[in-house]
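Chemist: Can you keep this structure in mind? I'll have questions shortly.
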Amino acid sequence: MHLSIPLTAAVLAVLPPSALSFYLPGAAPRNYARGDKVDLFVNALTPMLLGTDNAKLKSLINYDYYNPKFHFCEPEGGPQKQPESLGSILFGDRIFNSPYDLRMLEDNSTCKTLCTVRDVPSEDFKFINDRIIEDYALNWLIDGLPAAEMKLDTRNGDMFFDMGFNLGNDDEPFHEEPALNNHYEIVLQYHEYSPSAYRVHQQLPHAIESIGGPQDAPATCETGEDGPALVLNASAPQEIRYTYRVTWNESDTPWATRWDNYLHIFDPRIHWFSLVNSIVIVVFLCVMVGLILYRSVSRDISRYNAIDLSEDVQEDWGWKLVHGEVFRTPKNPMVLSIMAGNGSQLCAMVGVTLVFALLGFLSPSNRGSLATVMMVCWSFFGSIGGYVSSRVYSSLGGTEKRKNSFLTATILPTSIFGIVFLLNFLLIMAGSSGAVPFGTLLLIILLWFGISAPLSAIGAYYGTKHGAVHHPVRTNQIPRQIPPGPKYLRPWTSALLSGILPFGAAFVELYFIMSSLFASRAYYAFGFVAMTAGVMGLTTATVSILFTYFLLCAEDYRWHWRAFLVGGGNAFWLLAYGLFYWASRLSLDSFSSVALYLGYLFVFAFLDFLVTGSIGFLASYWAVRKLYGSIRID
């Protein structure tokens, strides 16, 4: 998976489609007859994370395959850009046709010269060498399948396909200088569907070093071990000859399971351990909160309700002391309601996307389907954000309802778009193909402000029509003085303490997700992600209710913002983990890559803060209403 803009920080991964009795959109098989042309499409070059334990990603910049500095062979008539979905563009795909001539079941027993590029400038050699040192990979597509290299998972001994293959070789024991891979062994596996119809099953191109000779010399396929490697001389012009050979092998594996080797789950035992550990945590929290509510709250409620209200003296203690303050309007109620509304909209978007992925509607062969579905869901769930924001704002005593509705529909898209624009400018300055085209930016603006904003206004209208949520107790006119509370209930301390448990429930999956987002690693363990997300949401709600109860027992009624901050506390740990991931798995030297990574990470953490903060606030609001609705107040 290739990352191009920070919107993909909210993106997790796609789920492999189930083998059903019908074919999903974008996943229908294509039959070829013997001799039919099989198109080979080229995608953007991306930095790859090598399989060694101490390997680090060295860049976040994607490059167009037909960037003039690479001097790759071009098809007759020039490269033709292939149509792509919105999500595919956002994920950094830039797909073009290629001059490779592949025919079904027709092998090229001898090497075939693709083209010879003469008089390549020395400065372009330096550019190519730098990309080889940064471990850039070529990305091809044949019949919807990405080019891959077969590798061994040293942890469990399984064979899997790692998408993409090296641009060159920077192995110092063999070469003092980087060597360009200018010969490609294209190994294609096919499945015979019928006597005259064949389907592509796998593609395993292997790039090797080959000597580049004069154009009129016979093509050779000598590798760097048997022949001289093509070491690019950055001090003088040079020529490059590209060669390739095609081999077809029959496979017994049916077409429906051809993605299985691509969708490799690394360390499945770790995933299961993480999931079981998360479930144990959330069960422990639920039991602990249940015991607190049963033993402490129920006892307090019984004592309060047993008091004779006809007596002149009624003694209050604990959380009942603040019953006249608990629903007092907090500071900045509009900001809180806007954040709760946008967080609810994001939560609905993630939930529906998870459901679609679990049902198998997001086929991996339909590139960019995940990002497309998330963008569409975000746009059409604007009504949810507007409704929640308006009802919360009315419940908090807000009066500027039109202003609240307008800001709910515009402030988050505007903020995200501003960050996207800045990072997109960095991509343009770095010459990256991952820069989002102007037309795509206009389409995103249309989705946000042409669909999401009107739907948000409609949702705000119905939220205002339903009015404020009923509060079980009245609010005193004079605020009560708040005594000094314990240190662990201070805002930032409680946020950090509360964020440990939700983060601990998800941090194992977070490593694989970040490797997919930033290190171009395919990750499709969507069932684990869905269960982990559910456990994390339940843990966040439980922890927020628990800290809100502790805060009320300390006679502090300022629980609204605290509940949101406690719920979103795991975002601070996410930021810290992102910095740790940078130090341990990334080696970014350029300013553009560093700025892009920090921008992606900030957006990722901010969206996580909105989602989990909204869960914590709404869960605490429900618990406080239930708590004070269970006692009799004089």
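All letters in the sequence shown, in the order written, are residues -21 to -1, 1 to 613 by mature numbering (1 follows the signal peptide of the UniProt record, and there is no 0). We put the CB at the ideal spot given by N, CA and C, even for glycine.
What beta strand (DSSP E) runs, 3 residues minimum, are completely inside the region 13 to 62?
Modeler: 19 to 21
Chemist: Roughly how many angstroms separate the alpha carbons of Arg453 and Ser593, rounded to a whole number?
Modeler: 25 Å
Chemist: Check each candidate in Ser563, Ala533, Thr236 and Tyr441 and name the one with the smallest Cα separation from Ser368.
Modeler: The shortest C-alpha separation from Ser368 is found at Tyr441.
Chemist: What is the DSSP secondary structure of Ser214, counted as helix, strand or coil?
Modeler: coil
Chemist: Quick check: the region 81 to 93 against the region 220 to 234, are there 3 or more CB pairs under 8 Å?
Modeler: yes
Chemist: Hey, how far is the Cα of Gly191 from the Cα of Ser101?
Modeler: In this prediction, Gly191 has a pLDDT of 42, which is less than 50 and means its spatial position is unreliable; nothing more can be read from the coordinates.
Chemist: Going by the CB atoms, is the gap between Pro157 and Asn212 shorter than 9 Å?
Modeler: Taking C-beta atoms as the reference points, Asn212 and Pro157 fail to come closer than 9 Å.
Chemist: So Ser316 packs on Tyr366, CB below 8 Å; how close in whole Å?
Modeler: About 11 Å; that fails the 8 Å criterion.
Chemist: Kindly indicate the opening and closing residues of the alpha helix (DSSP H) around Glu102.
Modeler: Ser101 to Ile112
Chemist: Assuming Thr527 and Trp538 are in contact, meaning their beta carbons sit under 8 Å apart, how far apart are those beta carbons, in whole angstroms?
Modeler: 5 Å
Chemist: Taking buried to mean at least 16 other C-beta atoms within 10 Å of its own C-beta, is Ala127 buried or exposed?
Modeler: buried
Chemist: Measuring alpha carbon to alpha carbon, tell me which residue in Ala509, Gly66, Trp119 and Phe20 is nearest Leu333.
Modeler: Ala509
Chemist: Measuring CA to CA, which of Pro463, Ala542 and Thr511 is closest to Ala533?
Modeler: Distance from the Cα of Ala533 is smallest, within the candidate group Pro463, Ala542 and Thr511, for Pro463.
Chemist: Apply the 10 Å Cβ neighbour rule to Val255 and answer buried if 16 or more other Cβ atoms are within range, or exposed otherwise.
Modeler: Taking every protein chain shown into account, the CB of Val255 has fewer than 16 other CB atoms within 10 angstroms, so this residue is exposed.
Chemist: Could you give the residue range of the alpha helix (DSSP H) that holds His539?
Modeler: Trp538 to Gly546
Chemist: Which term fits Val266, buried or exposed, when burial requires 16 or more other beta carbons within 10 angstroms of its beta carbon?
Modeler: Classification for Val266: exposed.
Chemist: So which of Asp72, Gly322 and Arg370 has the shortest CA-CA distance to Ala439?
Modeler: Arg370
Chemist: Give me, in chain order, the residues of the same chain whose beta-carbon lies closer than 7 Å to that of Arg97; leave out the 5 immediate sequence neighbours on both sides.
Modeler: Glu218
Chemist: Can you give me the Cβ contacts of Asp535 inside the same chain, cut-off strictly under 6 Å, excluding the 5 residues immediately before and after it?
Modeler: Ile461 and Gly464
Chemist: Could you give the DSSP three-state label for Ile74: helix, strand or coil?
Modeler: It is coil, neither helix nor strand.
Chemist: Which residues share a DSSP beta bridge with Glu128?
Modeler: Note: Glu128 is bridge-paired with Asp141 in the DSSP secondary-structure output.
Chemist: Output the distance between the C-alpha atoms of Gly513 and Ser173, rounded to the nearest integer angstrom.
Modeler: Their backbone Cα atoms lie some 45 Å apart in a straight line.
Chemist: Measuring only the C-alpha atoms, how far is Thr443 from Ile258?
Modeler: Each residue's Cα considered, the two are about 38 Å apart.
Chemist: Who are the Cβ neighbours of Gly347 in its own chain at under 8 Å, not counting the five residues just before and after it?
Modeler: Glu63, Ser64, Leu65, Gly66, Ser67, Ile68, Leu69, Phe70 and Asp72
Chemist: By a C-beta neighbour count over all protein chains shown, 10 Å radius and 16 as the cutoff for buried, is Lys310 buried or exposed?
Modeler: exposed
Chemist: Looking at the structure shown, is His450 part of a helix, part of a strand, or coil, going by DSSP?
Modeler: coil
Chemist: How would you call Gln324, buried or exposed, if buried means at least 16 neighbouring beta carbons within 10 angstroms?
Modeler: buried
Chemist: Judging by CA-CA distance, which residue of Ile423, Trp540, Pro8 and Ile610 is the nearest neighbour of Met313?
Modeler: Trp540
Chemist: Note down the Cα distance separating Trp601 from Gly320, rounded to an integer number of angstroms.
Modeler: 16 Å
Chemist: Classify Ala414 as helix, strand or coil using the three-state DSSP reduction.
Modeler: coil
Chemist: For Cys94, which three-state DSSP category applies?
Modeler: strand
Chemist: Take Ala235 as the anchor and find which of Gly339, Gly506 and Gly418 has the nearest alpha-carbon.
Modeler: Looking at Gly339, Gly506 and Gly418, the one whose alpha-carbon comes closest to that of Ala235 is Gly339.
Chemist: If we count the other Cβ atoms within 10 Å of its Cβ and call it buried at 16 or more, is Phe596 buried or exposed?
Modeler: buried
Chemist: May I ask which residues mark the beginning and end of the beta strand (DSSP E) holding Val166?
Modeler: His162 to Ser173
Chemist: Taking the DSSP output, what are the residues bridged to Pro176?
Modeler: A small correction: the amino acid at residue 176 is Ala; Pro does not occupy that position in the sequence shown. Ser173.
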